[in-house]
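Asker: Dumping the structure here so I can ask a few things about it.
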Amino acid sequence: MRVHLQKIVLYNFKSFYGEVIIGPFQPFTTIIGPNGAGKSNIMDAISFVMGEKISSLRVRRLNDLISQKSNGTLMTHSAHVTVIFEIEGKIKEFTRGIHNSSNVYKINKQVVKVEFYKHELASLGLNIKSKSFLVFQGTIETMCITSPKEISIMFDEISKSAELKSEYERLKNKMHEIDLDLRHIIQKKRCLLAEKKRLLLQQQEAEEYNLLQEEYHDKKTELQLFRLFHIRKELGDLKLLWNDNISKMNKYENDKQSAEIILEQKKKKYFEVINKEAMMENNLTTIDLQQTHQTTQLIATKEKISHLQQKILFIRTSLTKARLADEVHDKTMKDLQKELAKIEVLKTNLTQSVSSELESQGSNMELNNAQVKEYYLLKGTAQRECVKFTKNLNVLRYDQENDQNKLDNEKRKKIEIEDKKKKLQFMLKETEKRMEQLEQYIIKTEVTLTEQKNMEHDLEADITQNKIATEEMQVELDKITNKLNDITVDKFTVSRECQKLNTITILKDLFPEVYGRLFTLCKPIHERYNIAVTKVLWKYKDAIIVKTEEVAKQCIEYLKRQQISVETFLPLDSLKIQPFSDQLKNNLSDMIYPKTVQLLYDVIEYFPKEISNAISFVTKNTLLCETSEDARKVAYEVHLNNRYTCIALDGSYYLKSGIISGGSFDLSAKSAIWKDKQIQEMKLRKATLIEKIKEASKCIRKQSELSTMNSEILSLTNKLKYSRMDIDNIKKQIVDFTQEIENIDHQLISIFNNIKSIEKIMNKRHNKIQDIENQICHAEDRIFSVFCRNINIANIRVYEKGRLRIHGEQQKRECELENQYNCIKNALDFEKHHNAKDEIEKYEIAVQAAEEQLKIAFEEESAITHIIDKQKDELEELRNIHMNIKTEVIKMKNEVAQCRHQIGIIAKLILETRREHIMIEVKIKQKKIETNSILKSCQMEDIIIPMSHQNNLNNSPWVSSINTSSSNTEQSEDGILSKINFSFLLYELQTINEDQFDNVKTQLLKNINAIQNKLDSIPAPNLKAGENLELICKKLEAINKTVKGIRETAHIARNKFTRIKEERISRFMKCFDYFTFHIDYIYKYLLNNMSAQATLVPYNPEEPYLDDINYSCIVPGKRFHFLTSLSGGEQVLAILTLLFAIHRYEAAPFIILDEIDAALDKINIVNVVNFIRSNLDLMHFITISLKKELFVHADGFIGVTARQEQEIVESSVFLLSFESYGPKANN
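So, in structure tokens, the structure goes:
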């Protein structure tokens, strides 16, 4: 099928804005243009339309392929690339677009799915996965360093052999798994055959062992019947003694009950008196608290009284000042009225004095008045003539008068301000003195407050600490009490323990080499080992450890003399200890399973270290295991030639002899012995805590002192607060006074400067006035010459200074007196309006209110003092009553103690009787325990005890309920002993006496031990060998069937794998053979030399896709070289050979080569051009090149240029075809 690439249409793709049509394409087309113009963008467009991933198009996001504006925004939200093919004369379009950030695929403008789109392209030989038709820039260089393995993978993908790879590997792995399973099954079969052979031997050994064990059981049964028979006899004697002791103890119990009734009555009265005492103490505490509260209120009231007294003192001082001011006001009024009368008298005297003076000068008032009139007429004439001088003089005098007023005003202001300054300075000094006093008072108060706070803090901390300590101790005391209550220890057990403690104390005092009882000198290192250690050590738990055998004998002799109970002694120098053998240690270290096996000796902590021999003697190389099963395996199965004594954490005990012991229920109770030490410590701690709580309670009662101290601190704090407020106000006043004084100083300086400037101006103006007055005087002398001659004076000024002066002085004096009269009258009116009575009345009201408050405060103080006195009397009375009640409490306490003493005497008698009773019970219990132990041992060892009414022991109710209560157990033991059929016991063994019992028992044990030794010498047989043998045979049958099935499955899988393998080899070799032929052909053509060779050699000829394929060339004139050993140009030609072969194999309609000539010289470029032109009938070539040696031979040019606007590069395309120029146009 002939496929021809016609055109490529780009729309808003990268640097191509708008719609750009590239084509039609010639068989050999070259794309040329400068760097950065957009040639590679055409390559990207072709890759994009062929379905390439975005990551291979030199962008991060799909929208980055759309053309952008200068501000970075998209030109549009859509873009597309269309490629147009001509197939057998028909046009077919493939379009890939971008719309709203998603891909759109179209074929002939119809939207299709991407899978169908790529399938249609692949049908044309355009498979984007292989990219055989797209040779990007740098691809040649990348392929030059391709490894042989990568070449093999490339051929595997091209040949589509890789499609079978997953199935090939799956079947291959399956075959491998089947082979492994088959080998495993066959190996298992071999192991089972060997096991079958071993079990046959073990079956024979087990039969021999069973015969010997039956003999051992018969002897053991005889021994246990012998022991049980004699236990029954001893129990009968002990029960008679027990009944006698019970009747004696009942009598003492009745006496004790009567005494206890009397004690209860006394205790009831005693508790009533104690309750009265507690109530009285509560009343005392309540009244004490009330008294403390009233004391606090009294202190606060006294502080209030002190404050009110100071307030009244201050108001009275202010009232005194107001009254003084009122007296000054009245005096001022009287003085002003007197001054007013004096001025009226002066006005009358002035008129009389003027008349007499005129008469003395030869004139009178009337004559003088005529001359004055004439004078004023002439004066008017003179003034009109001297109007100019007069105006100037008046102006100057007016100004001078104004300045004089200013000067007087400034001097008056100066005097007033200086007085004000003196007052302010006095007030400032007084205020500073008051502030110093307040500061001293604050310092003293702060010191006192600090001391009070420290005392309060220490007291509060002490009370809080004691409260917290009391609460903690109370919690701890409750816990200890609860723990002690939970520990139920009967009185008899306590009595026995006390007796044992007294015994060991006496022995330690008498014999220093006595260490103590075993259970007090050692303990397990952890609670989890309690049961196991108790099981092993129980026999010797009360044994007394001594240093030497001699000390043990001395102790025994002392106990006999004192008739104290029998004790067991462990002398350290004579104990026969079995040392830890190296073989045992090696066996433990080599033991693979179970891992957690250790010596029981290692989990026991003891002190002093000298008693280690005693611990070794008691433990006897016993091994400790986690579980019962582990203990059983270690004891009997781990080493067939050696048996061990083992114990599990649950108390399961396995002896070498084969005896097995259990009983975790009893052991759990017995293991509580290790907690006795803790009980004693808890009791001691409880007593200590009670004493500490009593001491702490005494400190807590200081709460009333703390309340009083808090009240005092609150009072001092308030005083300090108000004092600080006063001092803050005083500081503000001082600042205000200082500021005001500074302002006054500035005002004084300003006034002084003003006075100087005014005086200077007035002096200058005075000189001018004198000049003008001289000029006026000359004019007046001329006008007043006739007037002066008539009155016989030298000049008019003599007249003015004489008679006119007297007239003027009279008028002036009258005017002054009138002014003084007005000033005094105004001052008198002001004083009348200024009334100090209101201020006095205000202060008097304030004093009266403060005195009322003070009176109320005194009444409160008196009332509180009365209440406190009354409470003191009441408190004293209650204390006397409390002392009487306390005396009664002591009396009742003595009576109760006397009753208890009597009960104690009776209790001692009961205790002695019970001690005897306990001894009997202990012996009975020991016998029953011994019976229980024998029966349990028989049950665990499968020894059948003959019964009277039943065939064996295993069907008895007692066997089925071993862990029942003690009463049921006792009844069961009595019943069991009565039901046992002792007729099977030999008559000789029934008739022996107590003296012969131990010897006979020893002989029976020797016989049993002899059989046991034989059993121990025989390795433990496998008793289940027969059952295991049957299981092995069944397993062998099943394995044979499995092997047959696996072989059939392997045959089927091998056939499937062979078919897949042959198919894969067929595909790969078909491709490989094609390449082997064409590579050599193309390489010869490219080098234009028939001596050149290019070969492909697989390392694995059978399955070449599994290993490397070596690509090598022989360049003319050179020897054989691998691809990586060739020079740059030679490598490029070798890679082009491979690419052209791949393209020819996949039969793509065109191939695009991006700058493949970069590393080629001119000759090689010509050879490549010749190859291209010779294959134009098979496919079309599109090259991107910058070398004219290549592009001049093309059939057409596609020129790509670019122009840059505002950082945006826009590519343009120009086409040039040489078809119109003839076949040699390219030359």
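Take the sequence shown: its position 732, counted from the start at 1, is 732 in the UniProt record's numbering, and no numbers get skipped.
The C-beta atom is built at its ideal place from N, Cα and C for all residues, glycine as well.
Treat the numbers as computed from the prediction; the structure is a model and nothing was measured.
1) In chain order, what residues of the same chain have a beta carbon less than 6 angstroms from the beta carbon of His1189, not counting five sequence neighbours either side?
2) Give the C-beta separation of Ile611 and Leu507 to the nearest angstrom, bearing in mind that I take them to be a contact with Cβ-Cβ under 8 angstroms.
3) For the beta strand (DSSP E) holding Glu86, just list the boundary residues, first then last.
4) Am I right that Phe13 and Ser67 are in contact with their C-beta atoms under 8 angstroms? What's the rounded C-beta distance?
5) In chain order, what residues of the same chain lie with their CB nearer than 6 angstroms to the CB of Lys491, ignoring the 5 residues before and after it?
6) Can we say the stretch 19-32 touches the stretch 1208-1218, given the rule of at least three CB pairs closer than 8 angstroms?
7) Would you call Asp408 buried or exposed, if buried means 16 or more other Cβ atoms sit within 10 Å of its Cβ?
8) Using only alpha-carbon positions, find the residue among Leu238, Glu1062, Leu537 and Leu624 that is nearest to Thr596.
9) Strictly by DSSP, which residues pair up with residue 1230?
10) What are the partner residues of Ala1094, as DSSP defines its beta bridges?
11) Can you check which of these residues, Pro148, Ala122 and Val104, is closest to Phe1122 by C-alpha distance?
12) In or out: Glu449 buried (at least 16 other Cβ within 10 Å) or exposed?
13) Under 7 angstroms Cβ to Cβ from Leu1133, same chain only, skipping five residues before and after it: list those, please.
14) Output the distance between the C-alpha atoms of Glu208 and Val1000, rounded to the nearest integer angstrom.
15) Take the Cβ of Lys479 as the centre, count every other Cβ of all protein chains shown within 10 Å, and call the residue buried at 16 or more, exposed below.
16) Residues in the same chain with beta-carbon distance under 6 angstroms from residue 1228, minus the five sequence neighbours each way, listed in chain order, please.
17) Hey, how far is the Cα of Ile180 from the Cα of Ala1147?
18) Just reading off the beta strand (DSSP E) that His1180 is part of, what are its end residues?
19) Under 8 angstroms between the Cβ atoms of Ala635 and Ala648?
20) Would you call the CB atoms of Ile31 and Ile1156 closer than 8 angstroms?
21) Can you check whether the CB of Leu1176 is closer than 8 angstroms to the CB of Phe85?
22) On a Cα-Cα basis, can you pick out the residue from Asn932, Lys321, Asp255 and Leu828 that is closest to Ile910?
23) Three-state secondary structure (DSSP) at Lys92?
24) Could you check what DSSP says for Cys386 in three-state terms: helix, strand or coil?
25) Quick check: Lys547 and Leu518, are their CB atoms within less than 8 angstroms of each other?
26) Using a Cβ-Cβ cutoff of less than 6 angstroms, which residues in the same chain neighbour Gln971 once the five nearest sequence positions on both sides are dropped?
27) So the candidates are Ile577, Tyr606 and Ser628; which of them puts its Cα closest to the Cα of Val618?
28) If I'm right that Ile1039 touches Lys189 with Cβ under 8 angstroms, what's the distance once you round it to whole angstroms?
29) Would you kindly work out how many angstroms separate the C-alpha atoms of Asp736 and Lys413, rounded to a whole number?
30) Would Ile1151 and Val135 be called neighbours here (beta carbons separated by less than 8 angstroms)?
31) Can you give the beta carbon distance from Leu223 to Ile1008, rounded, assuming they're within the 8 angstroms contact cut?
32) Ends of the beta strand (DSSP E) at Pro571?
33) With distances taken Cα to Cα, identify the nearest neighbour of Leu238 among Gly1129, Ile755 and Ile918.
34) Going by the beta-carbon positions, is the gap between Met50 and Phe1057 smaller than 8 angstroms?
35) Looking at the unbroken alpha helix (DSSP H) that takes in Leu624, where does it start and where does it end?
36) My output table needs one value for Ser363: the three-state DSSP class, helix, strand or coil.
Answerer: On the basis of the supplied data:
1) If you number the sequence shown from 1, residue 1189 lands on position 1189. One detail in the question is off: residue 1189 reads as Glu in this sequence, not His. Within the same chain, Glu1189 has close Cβ partners Lys1162 and Ile1165.
2) The sequence position of residue 611 within the sequence shown is 611, counting from 1. The sequence position of residue 507 within the sequence shown is 507, counting from 1. About 16 angstroms; that fails the 8 angstroms criterion.
3) Position 86 of the sequence shown, counted from the first residue, corresponds to residue 86. Where Glu86 is concerned, the enclosing beta strand (DSSP E) stretches over Ser78 to Ile87.
4) Reading the sequence shown from its first residue, position 13 is the one you call residue 13. Reading the sequence shown from its first residue, position 67 is the one you call residue 67. Their Cβ separation, rounded to whole angstroms, is 7 angstroms, which keeps Phe13 and Ser67 in contact under 8 angstroms.
5) Looking up residue 491 in the sequence shown gives position 491. Any reading at Lys491 is ruled out, since the residue's pLDDT is 44, under 50, leaving its predicted position unreliable.
6) yes
7) Counted from its first residue, the sequence shown places residue 408 at position 408. Exposed, by the Cβ-count rule.
8) To locate residue 596, count along the sequence shown from 1; it is residue 596. Comparing Cα positions, the closest option is Leu624.
9) In the structure displayed, the chain extends from 1 to 1227; residue 1230 sits before or after that span and is not available.
10) Stepping through the sequence shown from its first residue, residue 1094 is reached at position 1094. Paired residues: Cys1113.
11) Here residue 1122 corresponds to residue number 1122 of the sequence shown, with the count starting at 1. The option with the nearest alpha carbon to Phe1122 is Pro148.
12) Mapped onto the sequence shown, residue 449 falls at position 449. For clarity, residue 449 is Leu in the given sequence; the question names Glu instead. So Leu449 ends up on the buried side.
13) Position 1133 of the sequence shown, counting from 1, holds the residue named residue 1133. Within the same chain, Leu1133 has close Cβ partners Leu1086, Leu1087 and Asn1164.
14) For the purposes of this step, residue 208 is taken as the residue at position 208 of the sequence shown. For the purposes of this step, residue 1000 is taken as the residue at position 1000 of the sequence shown. Between Glu208 and Val1000, the C-alpha separation is close to 30 angstroms.
15) Within the sequence shown, numbered from 1, the residue matching residue 479 stands at position 479. Exposed, since its Cβ has fewer than 16 Cβ neighbours within 10 Å.
16) No answer is possible for residue 1228: the residues shown for the chain start at 1 and end at 1227.
17) Within the sequence shown, numbered from 1, the residue matching residue 180 stands at position 180. Within the sequence shown, numbered from 1, the residue matching residue 1147 stands at position 1147. Per the sequence shown, residue 180 should be read as Leu rather than Ile. Approximately 46 angstroms between the Cα atoms of the pair.
18) Counting from 1 along the sequence shown, the entry for residue 1180 is found at position 1180. Per DSSP, His1180 belongs to the beta strand (DSSP E) from His1180 to Ile1184.
19) Stepping through the sequence shown from its first residue, residue 635 is reached at position 635. Stepping through the sequence shown from its first residue, residue 648 is reached at position 648. In this structure, Ala648 does not lie closer than 8 angstroms to Ala635 by Cβ.
20) Residue 31 sits at position 31 when you count from the first residue of the sequence shown. Residue 1156 sits at position 1156 when you count from the first residue of the sequence shown. 8 angstroms or more divides the Cβ of Ile31 from the Cβ of Ile1156.
21) Translated into the one-based positions of the sequence shown, residue 85 becomes position 85. Translated into the one-based positions of the sequence shown, residue 1176 becomes position 1176. Against a cut-off of 8 angstroms, the Cβ pair of Leu1176 and Phe85 comes out as no contact.
22) Here residue 910 is taken as the residue at index 910 of the sequence shown, counted from 1. Taking only the C-alpha atoms, the option nearest Ile910 is Asp255.
23) Working through the sequence shown from its first residue, we reach residue 92 at position 92. In the three-state DSSP reduction, Lys92 falls in the strand class (E or B).
24) On the sequence shown, residue 386 is found 386 positions in, with the first residue counted as 1. Of the three classes helix, strand and coil, the one that applies to Cys386 here is coil, per DSSP.
25) Position 547 of the sequence shown, counting from 1, holds the residue named residue 547. Position 518 of the sequence shown, counting from 1, holds the residue named residue 518. In this structure, Leu518 does not lie closer than 8 angstroms to Lys547 by Cβ.
26) Walking along the sequence shown from the start, residue 971 turns up at place 971. Per-residue confidence for Gln971 stands at a pLDDT of 45, beneath the threshold of 50, marking its modelled position as unreliable; the derived number appears in the next sentence. Taken in chain order, the list of residues that qualify is empty.
27) Looking up residue 618 in the sequence shown gives position 618. Nearest C-alpha to Val618: Ile577.
28) Walking along the sequence shown from the start, residue 1039 turns up at place 1039. Walking along the sequence shown from the start, residue 189 turns up at place 189. Correct: roughly 5 angstroms between the Cβ atoms.
29) Along the sequence shown, read from residue 1 onward, the residue named residue 736 stands at position 736. Along the sequence shown, read from residue 1 onward, the residue named residue 413 stands at position 413. So the two alpha carbons sit approximately 21 angstroms from each other.
30) Residue 1151 sits at position 1151 when you count from the first residue of the sequence shown. Residue 135 sits at position 135 when you count from the first residue of the sequence shown. A distance below 8 angstroms separates the beta carbons of Ile1151 and Val135.
31) In the sequence shown, residue 223 corresponds to position 223, counting from 1. In the sequence shown, residue 1008 corresponds to position 1008, counting from 1. Right, the Cβ-Cβ distance comes to about 6 angstroms (below 8 angstroms), so this counts as a contact.
32) Within the sequence shown, residue 571 is the residue found at index 571, counting from 1. Here the beta strand (DSSP E) through Pro571 covers Phe569 to Pro571.
33) Counted from its first residue, the sequence shown places residue 238 at position 238. The residue with the shortest Cα to Cα distance from Leu238 is Ile918.
34) Within the sequence shown, numbered from 1, the residue matching residue 50 stands at position 50. Within the sequence shown, numbered from 1, the residue matching residue 1057 stands at position 1057. Cβ distance not < 8 angstroms, so Met50 and Phe1057 don't count as in contact.
35) For this step, residue 624 is matched to residue 624 along the sequence shown. Note, Leu624: premise wrong, no alpha helix (DSSP H); beta strand (DSSP E) at Leu623 to Cys625.
36) For the purposes of this step, residue 363 is identified with residue 363 of the sequence shown, where counting begins at 1. Because Ser363 carries a pLDDT of 48, less than 50, the predicted location of this residue cannot be relied on, and no value is offered for it.
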